[in-house]
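Numbering (the working numbering), first residue to last: -15 to 232. Ideal placement from N, C-alpha and C gives every residue a C-beta, glycine not left out. Let me begin by presenting the structure, written as structure tokens, before commenting on it.
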Amino acid sequence: MESDACAFVSQEAYNEMVGQVMPLRLKNENQRIDIRRKNKRLEQQEVAIHALMDENNQLIDNVEELRDKVGEWKAEADRLREQIENHDMCDGCEHNHAVLKAEQRAEALVIEVTALQEENNDLKKTVERLKRNRPVVGRPARVNPDFDDAVKSMETKVLPDGPGEDTGHQERDRFDGIVPMMAKHKVGKSYKAERLSPDRMEFRKRGCSRILVTMPSIKSVPQWSVNGEPRKGIEDAIEASRVTQVFE
-15 MESDACAFVS
-5 QEAYNEMVGQ
5 VMPLRLKNEN
15 QRIDIRRKNK
25 RLEQQEVAIH
35 ALMDENNQLI
45 DNVEELRDKV
55 GEWKAEADRL
65 REQIENHDMC
75 DGCEHNHAVL
85 KAEQRAEALV
95 IEVTALQEEN
105 NDLKKTVERL
115 KRNRPVVGRP
125 ARVNPDFDDA
135 VKSMETKVLP
145 DGPGEDTGHQ
155 ERDRFDGIVP
165 MMAKHKVGKS
175 YKAERLSPDR
185 MEFRKRGCSR
195 ILVTMPSIKS
205 VPQWSVNGEP
215 RKGIEDAIEA
225 SRVTQVFE
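This is how it looks when you write it as structure tokens:
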């Protein structure tokens, strides 16, 4: 009977352990899938960057080739213009036409070179943007085959993504410098702080007027007041609070 009871308890403990381990295994598998997806996206971004860089290099070659052609057309136009100056007006008509054609071709090539340069600049910007936005990976992603290590890694590295998280720490830190400053003051340390709203905090002390501190934003300069009257700072506010007592 004792052996049957031990076996029953062991089976129950085993079932409880399985119930605890299965969700962790599911999370571990989800982590594996997420890592594979991220690696796949990274590979796709690398391919896109290399393709854009190849296209950019090709455009650079085209621009250089067109620049050479522009130089040739300009040289030809200068040569024909020089010939016109050395001929009479009758012979110059034909040369004028040739010069005009050469200049038109040179202008067309200049326009084409300019367009290619603009396209080249756009491609450079796209490549730089992709380089900045791609994830920084120090080493290839690895999933530890040992289950305990995988669970430990998951608990320390996987961040919760629930909708109810509080990530607005800036609002809580708005008066983070005011409270310690009052606590260090030889008189202000006896005041009790109470948060009235996200941008207002009140300091109270028995027998003294209440001190109100307002900060419209995190970077704002604290605005001190006592009984609705503005004060220059903490010293002025504490002094006014002690002088103008509240009688309730």
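- The beta carbons of V97 and N40 sit no closer together than 8 angstroms.
- The alpha-carbon of I202 is positioned some 5 angstroms away from that of R158.
- The Cβ atoms of V83 and A61 lie closer than 8 angstroms to each other.
- Put simply, of S181, M166, Q15, Q4 the residue whose alpha carbon is nearest the alpha carbon of A221 is M166.
- If you compare the alpha carbons of V163, L10, A90 with that of E178, the shortest gap goes to V163.
- For M185, the pairing in a beta bridge is given by DSSP as R179, V197.
- V205 sits in coil when the DSSP states are folded into three classes, being neither helix nor strand.
- Rounded to whole angstroms, the gap between the alpha carbons of T198 and S181 is 9 angstroms.
- Out of H169, N70, W208, the CA that lies nearest to the CA of D183 is found in W208.
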